[in-house]
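Single-structure report; data block below.
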Amino acid sequence: MTGPPPVLAVGAAAIDEWYAVSNLPEPDGGAFAREVTTAFGGVGANVCVALDRLGREVGLVSRVGDDEYGRRAREYLADTGVDASRVSVGEDPSTRSVILSDPAGERAIVTAGESFRRLRLDAADREALAATEAVFLTGYTPDSVSRAVLDAVESAADPPALAFDLSGPVEELVGRGTEPETIYRLLRAANLFVAGDVAAAAYFGGPDAAVDRIAAAQRARGDPDRSSLGGDGWPRAVLTHGADGMTVVADGNVSEYDAFHVDRVDATGAGDAFVAGLIDRWFADGGRVGVADGVRFAAAVAAINCTSRFAQRGLPTRDEVEAFLAERGR
19 MTGPPPVLAV GAAAIDEWYA VSNLPEPDGG AFAREVTTAF GGVGANVCVA
69 LDRLGREVGL VSRVGDDEYG RRAREYLADT GVDASRVSVG EDPSTRSVIL
119 SDPAGERAIV TAGESFRRLR LDAADREALA ATEAVFLTGY TPDSVSRAVL
169 DAVESAADPP ALAFDLSGPV EELVGRGTEP ETIYRLLRAA NLFVAGDVAA
219 AAYFGGPDAA VDRIAAAQRA RGDPDRSSLG GDGWPRAVLT HGADGMTVVA
269 DGNVSEYDAF HVDRVDATGA GDAFVAGLID RWFADGGRVG VADGVRFAAA
319 VAAINCTSRF AQRGLPTRDE VEAFLAERGR
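Number 133 in the working numbering belongs to position 115 of the sequence shown; there are no gaps in the numbering.
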């Protein structure tokens, strides 16, 4: 390969320590773990592996520790089609997550390890990001790296499409991931913005406020009298509501879409699978797929992944997604 793959994701490659618990504990409460195991995860790796399963050429920019967790993550990526040549190794403990998953598939996640937080982009990383066709960035990315990605994308002669997933509430990201000021820059620079209910509410002041503000900013494009609403750079946005579906804001118009109902086993990684489906439909092949078809395809990728345990084990191939949609008359 003479250049970077058509899609580059910046995000963690982690080992998930997975606890199948009787219930998600309340404050001062407890739970019993009927099973404890490990699986592969990390937002960046989840998106990459999902795109790889869909047949896309994709690479990961990340950092792992020089320890057992990092070794296992690199060995796993080597067995996939993901280009892991931009995954560096440092002395800090590898990023890893403890995931509590209850019988209904709901989960709580605690992340530890400094390896991804210490990621820094070198000149070769910046050149690759500027030369690729699409870039994915998560809100868990260290702020200095997010700003470096923005600089690389914005300075490119032919800028790649940029997808940004807010990933978590702002108070969770401050000091650990992308800061509010940089999030605002990303809102203006990105082609796709994705946020779940909790993350959107924390940044915009509520889910309804998020929809209203994004739609108003999109409608203000090219209108200098309304530049205070967001100018000419706010992206197509998708606000996800879990099993309750998603809200799409595109060109100032708001549309609601249902999620596919499946026998959910584990929702871990569903959001990452959904984002990968959007990148596949809206960015790859020139982005010729319409809003509705892109959302339904991405929702199918996420739904199928929920029928298996762990973040990556149930990620479907393109044929499996198309068969799933055909069964449902799509």
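Just so it is clear, CB atoms sit at the ideal spot from N, CA and C, and this is done for glycine as well.
According to DSSP, Ile232 shares a beta bridge with no other residue. DSSP, read as helix, strand or coil, puts Asp215 in helix. With contacts defined as CB atoms closer than 9 Å, Glu109 and Asp143 fail to qualify as a contacting pair.
Here Ala146 has Gly21, Pro22, Leu26, Gly77, Val79, Arg104 as same chain residues with Cβ atoms under 8 Å from its own Cβ, once five neighbours each way along the sequence are excluded. By DSSP's assignment, Glu274 forms a beta bridge with Thr265.
A distance below 7 Å between beta-carbons, with the five flanking residues on each side excluded, links Val216 to the following residues of its chain, in chain order: Pro187. A distance below 7 Å between beta-carbons, with the five flanking residues on each side excluded, links Ile232 to the following residues of its chain, in chain order: Trp252, Ala255, Val267. With respect to the 9 Å criterion, Leu139 and Val163 are classified as neighbours on the basis of their beta carbons.
Nearest in C-alpha terms to Gly263, of all of Val65, Ala207, Gly214, Thr55, is Gly214.
Judged by DSSP secondary structure, Leu72 falls outside any alpha helix (DSSP H); it is assigned neither H nor E. If you draw a straight line from the Cα of Val339 to the Cα of Tyr87, it comes to about 31 Å. Leaving aside the five residues that flank Asp70 on each side, the residues in its chain whose CB is nearer than 7 Å to its CB run, in chain order, Val76, Thr98, Gly99, Val100.
Fewer than three pairs of CB atoms, one per stretch, sit closer than 8 Å, so the stretch 267-281 makes no contact with the stretch 181-195. It is roughly 19 Å from the alpha-carbon of Asp176 to the alpha-carbon of Val28. Per DSSP, the continuous beta strand (DSSP E) segment holding Ile127 begins and ends at 125-130.
For Ala317, the closest of Ile33, Ala179, Thr265, Phe328 by C-alpha to C-alpha distance is Thr265. Counting the other Cβ atoms within 10 Å of the Cβ of Phe50 gives fewer than 16, which makes it exposed.
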